[in-house]
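In what follows, a single structure is set out as structure tokens and then discussed.
Numbering (this note's numbering), first residue to last: 13 to 339.
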């Protein structure tokens, strides 16, 4: 009997697992969220429903905007834990939009309307990231550490998603908090010229600071999600990368706003407007200050986000992450 058992043990040795390996495996199983698995779908449904209902209740989302937000929120989280960065952007952006709103409406005639987001605003700040997340989930599966040396496209898509949200929050903070600057903004295509607060293409040094800070916050959010998922993290490179993308995206947004988005001035109320339709309908004369009326505000956001996503994913990502194999 003993001899027989020794033979069996020799042929089929019992695998030994170290305590550290056991704990690590259990932790991975707890935190793991594979794309569109039952756990991911349940969490995505619950969180997306909560955020959409909260947005309608607090009047930060219209009903159509809430339905759109539910769809993009569900898809983002169902693809992986990095999708939670979308809700971090939404929460911080909403707080910045409502901060000192009474003062903002005395400078910008559109400030009172911008606090309620509709479908176009929601999609402008999420559609590209959701598309990238779906592509990553379909072709590469669950989220992994970045490695441009071995998986260039997969890592580029992941960096593109970070660049996307970095641009969105950077632009939001620069617009909503930069307008509170005590110094008058200067025109980005004519830096020597001062313009009224709220002018498309008007920037301040404080606005550039908020752009970099907003990008860094999105980088920090990605770091937290990756740490929770057990993915190796290079904090310094990620924060620098996200801040650079925030600055780039905000600069492109201001440049497009100064040239392809019209700015109007209402001399009666002494307010800046991005759209003259409502003013003209009230039979009030407005002065056209800058820009061609080619793109709306949501379209400007979409174009700047698209460019930064490409540049961030396929150029800045490999450049700034090349010395580190993992994010």
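C-beta: ideal position from N, C-alpha, C; glycine also.
| message | If distances are taken between C-alpha atoms only, which option among 172, 215, 68, 234 comes closest to residue 101? | response | Locating residue 101 in the chain shown gives position 89, counting from the first residue. Comparing Cα positions, the closest option is 234.
| field | Selection from 258, 181, 133 that minimises the alpha carbon distance to residue 79 | value | To locate residue 79, count along the chain shown from 1; it is residue 67. The candidate whose alpha carbon is nearest that of residue 79 is 133.
| Contact between the stretch 50-63 and the stretch 81-98 (3+ Cβ pairs under 8 Å) | yes
| Of all the options 316, 245, 255, 282, which has the alpha carbon lying nearest to the alpha carbon of residue 269? | In the chain shown, residue 269 corresponds to position 257, counting from 1. Out of 316, 245, 255, 282, 316 has the C-alpha closest to the C-alpha of residue 269.
| Does DSSP classify residue 73 as helix, strand or coil? | For the purposes of this step, residue 73 is taken as the residue at position 61 of the chain shown. Three-state result, residue 73: strand.
| query | Got a sec? Which residues, its chain only, sit under 7 Å from residue 131 by beta carbon, not counting five neighbours each side? | reply | What you label residue 131 is simply residue 119 of the chain shown in a count that begins at 1. Within the same chain, residue 131 has close Cβ partners 76, 77, 80.
| query | Between the beta-carbon of residue 259 and the beta-carbon of residue 198, is there less than 8 Å? | reply | Numbered from its first residue, the chain shown carries residue 259 at position 247. Numbered from its first residue, the chain shown carries residue 198 at position 186. No, Cβ-Cβ distance for residue 259 and residue 198 is not below 8 Å.
| message | Please classify residue 118 as buried or exposed, where buried requires at least 16 other C-beta atoms within 10 Å of its C-beta. | response | For the purposes of this step, residue 118 is taken as residue 106 along the chain shown, with counting starting at 1. With fewer than 16 Cβ atoms within 10 Å of its Cβ, residue 118 is classed as exposed.
| query | For residue 207, does the count of other Cβ atoms within 10 angstroms reach 16, so buried, or fall short, so exposed? | reply | Here the question's residue 207 lines up with position 195 in the chain shown. Under this definition residue 207 is a buried residue.
| said: Suppose you measure from the CA of residue 244 to the CA of residue 209; what does that come to, to the nearest Å? | reply: Residue mapping note: residue 244 aligns to position 232 of the chain shown, counting from 1. Residue mapping note: residue 209 aligns to position 197 of the chain shown, counting from 1. Taking the straight line joining both Cα atoms gives about 43 Å.
| Whose CA, out of 154, 173, 193, 166, lies closest to the CA of residue 261? | Within the chain shown, numbered from 1, the residue matching residue 261 stands at position 249. Ranking the options by Cα distance to residue 261, first place goes to 173.
| said: What residue range does the alpha helix (DSSP H) around residue 113 cover? | reply: Translated into positions along the chain shown, residue 113 becomes position 101. That run of the alpha helix (DSSP H) goes 113-116.
| field | Within 8 Å, strictly: CB atoms of residue 217 and residue 232 | value | For this step, residue 217 is matched to residue 205 along the chain shown. For this step, residue 232 is matched to residue 220 along the chain shown. For residue 217 and residue 232, no; Cβs fall outside 8 Å.
| query | What residue ranges within the stretch 139-208 form continuous beta strand (DSSP E) runs of no fewer than 3 residues, ordered along the chain? | reply | 202-206
| said: Distance check for residue 229 and residue 284, CA to CA, integer angstroms please. | reply: Taking the chain shown and counting its residues from 1, one reaches residue 284 at position 272. Taking the chain shown and counting its residues from 1, one reaches residue 229 at position 217. The alpha-carbon atoms of residue 284 and residue 229 are separated by roughly 30 Å.
| message | Given this structure, state the Cα-to-Cα distance separating residue 318 from residue 176, to the nearest angstrom. | response | Residue numbering aside, residue 318 sits at position 306 when the chain shown is read from its first letter. Residue numbering aside, residue 176 sits at position 164 when the chain shown is read from its first letter. Spanning the two alpha carbons is a distance of roughly 7 Å.
| task | Name, in chain order, the residues that DSSP records as bridge partners for residue 302. | result | Taking the first residue of the chain shown as 1, we reach residue 302 at position 290. Residue 302 is bridged to 275.
| query | With burial defined as no fewer than 16 other Cβ atoms inside 10 Å of the residue's Cβ, what is the status of residue 314: buried or exposed? | reply | Counting from one through the chain shown, the residue named residue 314 turns up at place 302. Buried, by the Cβ-count rule.
| said: Comparing C-alpha positions only, which one of 246, 67, 190 sits nearest to residue 116? | reply: Numbered from 1 along the chain shown, position 104 holds the residue referred to as residue 116. It is 190.
| Helix, strand or coil: how does DSSP classify residue 264 here? | The residue you call residue 264 lines up with position 252 of the chain shown. Helix at residue 264.
| Pairwise C-alpha distance: residue 144 and residue 87 | Here residue 87 is taken as the residue at index 75 of the chain shown, counted from 1. Here residue 144 is taken as the residue at index 132 of the chain shown, counted from 1. Each residue's alpha carbon lies about 11 Å from the other.
| request: Can you have a look at residue 224 and say buried or exposed, based on whether 16 or more other CB atoms are within 10 angstroms of its CB? | output: For the purposes of this step, residue 224 is identified with residue 212 of the chain shown, where counting begins at 1. It is buried - the Cβ of residue 224 has at least 16 other Cβ atoms within 10 Å.
| In chain order, what residues of the same chain have a beta carbon less than 8 Å from the beta carbon of residue 128, not counting five sequence neighbours either side? | Taking the chain shown and counting its residues from 1, the one referred to as residue 128 is at position 116. These residues qualify, in order along the chain: 71, 72, 73, 74, 77.
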